[in-house]
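> So the protein lines, in turn, are chains A and B. Per this note's numbering, numbering of the first sequence is gapless, rising by one per residue and ending at 337. Per this note's numbering, numbering of the second sequence is gapless, rising by one per residue and ending at 337. Positions of the beta carbon are idealized from the N, C-alpha and C atoms, including for glycine.
Protein chains: 2
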Amino acid sequence: MRFGLSLPMQHPMGEPMAQRFAELLEVVRLARQAGFHHLSASQHYLAAPFQYLQPLPVLARVAAEAEGMTLGTGILLLALQHPVHVAESLATLDVICGGRLVCGVGLGYREVEFEAFGVPRGQRLSRFLEALEVLKRLWTEEAVTFEGRHFRLREVSLSMRPLQRPRPPIVVAASNDRMVQRVARLGDAWTIAGHATFATLERQVALYREALAAAGKPFPPPYFSLSKELFIARDMETARRQAWPYLAAKYQAYAQWGQDTVLPAGESFRQPIEQLQEDRFIVGDAAYCREQIARHRERLGIQQLNLRLHWPGLPHRQVLEAIALLGEQVLPYFAQD
Amino acid sequence: MRFGLSLPMQHPMGEPMAQRFAELLEVVRLARQAGFHHLSASQHYLAAPFQYLQPLPVLARVAAEAEGMTLGTGILLLALQHPVHVAESLATLDVICGGRLVCGVGLGYREVEFEAFGVPRGQRLSRFLEALEVLKRLWTEEAVTFEGRHFRLREVSLSMRPLQRPRPPIVVAASNDRMVQRVARLGDAWTIAGHATFATLERQVALYREALAAAGKPFPPPYFSLSKELFIARDMETARRQAWPYLAAKYQAYAQWGQDTVLPAGESFRQPIEQLQEDRFIVGDAAYCREQIARHRERLGIQQLNLRLHWPGLPHRQVLEAIALLGEQVLPYFAQD
């Protein structure tokens, strides 16, 4: 199984971003040493109460420190940008990182983003679906003619193409059941955001397997991945004490952003951290982390696990310690898988 | 006077882009050693017959090699993207390069770009002007409400801000007389594309000075800059022999793209290179380059000269030789200015 690390893209407003970015580069170098295979950068606009770096410039800069690693958007808000811009920007990034780009895309859910970009409620999904189709076709066809509701292209031919041929892998995020089923048809793999409890994930993976089978596609696809909030320390108590306050604050912000409204019914973030974390986050010592990771891999069939172990405000030193500990006591355990 | 170098962003289709990008990084390192102060990356979409890298990922990656240098978009096609996306992407880039970003923007002129992005002919200028206003306001105001023809924002507050306060400098491209006059009101400085002959530039700079005076602004503004096609070799003959074929091919493509249609009447690129180059390009030995640069600086009042000495297909070795020669025999001559 491959391990990815979600980069520390978001920080409380008011914090000095030049220093936070220098720390991000330190995280990259340590993650590479620790044996991580992949780095991912997420995307949000207008992300108060956080300063949220934009993923494409970050990934391009990170490429200088990440030799041999794959780089991914996790995820790009495809409905908010024009697919020609996305296609050429990601193609450039694929050149910069030597053909190791994984293109992760998603619909998003935050009202404030759709409103600022002028995308009305009834057009969000169709805009996303059209943008995804146009992106794929621009990367793989000689010239694209497309008559959509949102995008109209006549004989548009991309001269700036990705290094990877026919194109970089495309993984698609999905939170609700219908979108999970749709992803089986749309992309190369589902990338699970991992906000939900294990029970929900297991149920949805079954739906995904069925939908793949119906589409005549094998399970699991190579880029089938799960993002997971995970934190590790020398013992369970320390891990919880260090992680929980920042996880709790982040999920309060998610609740305000409406993230849980796109999850299946019953999944709410408006709970105390002691309950919220149960079977949703992996926070503990090395033995506990290994056991939980093995359980997710075996029961869900994921090919890659993207760890999220930074939340806004968590001290940099603790992030570094957690990555080092993963490199010593967790990643080697899965090296032969 | 400050010297900038325009990065080799465009290459003939079919050339191996990973290698071309490795060469771009070599150009960056040599330019820094040679004493250049600034690097700029231009933007075009769908740029056949060239593969044209996108500027934001390139500048972000280049930041790793360009310590102490300023980085600029030269120019960004502002009418083709949403200003919230531009504001946060450039803010991220400003963080990445340590607050040394210069934001260059322009309207563009290529039908194929506007058409693919669905911007009708009658909306191009107003879309550009609105995007520029929104960008400036997002960077400097707490919350922006804007009711435009193309963009509508209600209390939109940027949490991801540039490192530079109040904001990065904004330079604006202009080719025709009306736009030159408009730029005096719009941005922090005019950035001259430099495709026109010296006589046209001199006439337009006079217009610009008048418009600045009318707006109560001093001349020259600190970021007043000129891009110029320049090539240098040991002697005049070698310089011409090496540069002219690639310059001629590039300006044939410009003519097909319609670049000269936005220049003042009488400026046409459809001429043999011997005539086209006259008083338009600077191609020669060190003495000739010094003399021409001094003339442009004195007669036009520019504060920065951005050299364009790569055109698609020009061998990498010749680019490196030209940069080294500039570092030895030209840039030191202007070091005290």
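Listed from N- to C-terminal order along the chain, which residues in the stretch 83-102 of chain B have their beta-carbon within a distance smaller than 8 angstroms of any beta-carbon of chain A?
So the list reads 84, 85, 88, 89, 91, 92, 93, 95, 96, 98 and 99, given in the order they occur along the chain.
> Taking the alpha carbon of residue 284(A) as the point to measure from, which residue in 239(A), 102(A) and 249(A) has its own alpha carbon closest?
Selected option, being the one with the closest Cα: 239(A).
> Quick check: is any heavy atom of the ligand ADP less than 7 angstroms from the C-beta of residue 66(B)?
The ligand ADP is absent from the structure shown, which contains no ligands of any kind.
> Using 8 angstroms as the threshold, is the C-beta distance between residue 160(B) and residue 109(A) below it?
For residue 160(B) and residue 109(A), no; Cβs fall outside 8 angstroms.
> Under three-state DSSP, which class holds residue 104(A)?
Three-state DSSP puts residue 104(A) in a strand.
> Considering residue 11(B), what are the terminal residues of the beta strand (DSSP E) in which it resides?
Unbroken beta strand (DSSP E) run through residue 11(B): 10-12.
> Starting from residue 174(B) and walking both ways along the beta strand (DSSP E), at which residues does that stretch end?
First-last of the beta strand (DSSP E) with residue 174(B): 170-174.
> Taking only beta-carbon positions, decide if residue 13(B) is within less than 8 angstroms of chain A.
Yes, residue 13(B) lies at the interface with chain A (some Cβ there is under 8 angstroms from its Cβ).
> Please state whether DSSP places residue 244(A) in a helix, a strand or coil.
The answer is helix: DSSP assigns residue 244(A) an H, G or I state.
> Kindly indicate which three-state DSSP category residue 280(A) falls into: helix, strand or coil?
In this structure, residue 280(A) counts as coil in the three-state DSSP scheme.
> Out of 16(B), 43(B), 29(B) and 34(B), point me to the one whose CA is closest to residue 9(B)'s CA.
Checked all of 16(B), 43(B), 29(B) and 34(B); the closest Cα to residue 9(B) is 43(B).
> With distances taken between CB atoms, is the gap from residue 311(A) to residue 246(A) smaller than 8 angstroms?
A contact, by the Cβ cut-off of 8 angstroms.
> Determine the DSSP secondary structure at residue 327(A), reduced to helix, strand or coil.
Three-state DSSP puts residue 327(A) in a helix.
> Would you mind working out which of 314(A), 256(A) and 200(A) sits nearest residue 266(A), comparing C-alpha positions?
Of the listed residues, the one whose Cα sits closest to residue 266(A) is 200(A).
> Is residue 159(B) close to chain A? Criterion is C-beta to C-beta, closer than 8 angstroms.
Chain A, which has a Cβ nearer than 8 angstroms to the Cβ of residue 159(B), makes this yes.
> Measure the C-alpha to C-alpha separation of residue 189(A) and residue 71(A) and round it to an integer number of angstroms.
Their Cα atoms are separated by approximately 16 angstroms.
> So, is residue 235(A) buried or exposed, given that buried needs 16 or more other C-beta atoms within 10 angstroms?
Exposed: under 16 other Cβ atoms inside 10 Å.
> Buried or exposed: residue 14(A), going by 16 or more other Cβ atoms within 10 Å of its Cβ?
So residue 14(A) counts as exposed.
> Counting only Cβ-Cβ distances shorter than 9 angstroms, please list the residues of the stretch 45-58 of chain A near chain B, keeping chain order.
Listed in sequence order: 45, 46, 47, 48, 49, 50, 51, 52, 53, 54, 55, 56, 57 and 58.
> Checking 8 angstroms against the spacing of the C-beta atoms, do residue 60(B) and residue 121(A) come in under that value?
Not a contact, by the Cβ cut-off of 8 angstroms.
> Note down, in chain order, every chain A residue with its Cβ under 8 angstroms from the Cβ of residue 1(B).
What residue 1(B) touches in chain A: nothing, since even the nearest Cβ is about 28 angstroms away.
> Any idea if residue 251(B) is buried or exposed, counting beta-carbon neighbours within 10 angstroms, 16 or more meaning buried?
Its Cβ being crowded by 16 or more others within 10 Å, residue 251(B) is buried.
> Pick out whichever of 210(B), 81(B), 174(B) and 85(B) has its Cα sitting closest to the Cα of residue 46(A).
Considering only alpha carbons, the answer is 85(B).
> Is any beta-carbon of chain B found at less than 8 angstroms from that of residue 105(A)?
By this cut-off, residue 105(A) is not an interface position.
> Tell me whether residue 85(A) sits in a helix, a strand or coil according to DSSP, three-state version.
Looking at residue 85(A) - three-state DSSP - the assignment turns out to be helix.
> Given a threshold of 16 other Cβ atoms within 10 Å of its Cβ, counted over all protein chains shown, does residue 332(A) qualify as buried or as exposed?
Its Cβ having fewer than 16 others within 10 Å, residue 332(A) is exposed.
> Can you tell which of 145(B), 157(B), 117(B) and 156(B) has its C-alpha closest to the C-alpha of residue 150(A)?
Residue 117(B) is the option with its Cα nearest to residue 150(A).
> Thinking C-alpha only, which one of 124(B), 35(B), 244(B) and 286(B) is nearest residue 272(B)?
When only C-alpha atoms are compared, the closest one is 244(B).
> Could you pull out every residue in the same chain whose Cβ sits closer than 7 angstroms to the Cβ of residue 145(B), ignoring the five residues on either side in sequence?
Closer than 7 angstroms at the Cβ level, and outside the excluded window around residue 145(B), lie 153, 154 and 155.
> Go ahead and label residue 34(B) buried or exposed: buried means 16 or more other beta carbons lie within 10 angstroms of its beta carbon, across all protein chains shown.
Flag for residue 34(B) reads buried.
> Quick check on DSSP: helix, strand or coil for residue 144(B)?
Note: residue 144(B) maps to strand in three-state DSSP.
> Report the partner residues of residue 52(A) according to the DSSP bridge assignment.
10(A).
> Expressed to the nearest angstrom, what Euclidean distance is found between the alpha-carbon atoms of residue 125(B) and residue 196(A)?
Rounded to the nearest angstrom, the two C-alpha atoms are 46 angstroms apart.
> Could you tell me the distance, in whole angstroms, from the CA atom of residue 220(B) to the CA atom of residue 301(B)?
Taking the straight line joining both Cα atoms gives about 6 angstroms.
> On the DSSP bridge list, what partners appear for residue 4(A)?
Bridge partners of residue 4(A): 38(A) and 306(A).
> Report yes if the C-beta distance between residue 228(B) and residue 194(B) is below 8 angstroms; otherwise report no.
A contact, by the Cβ cut-off of 8 angstroms.
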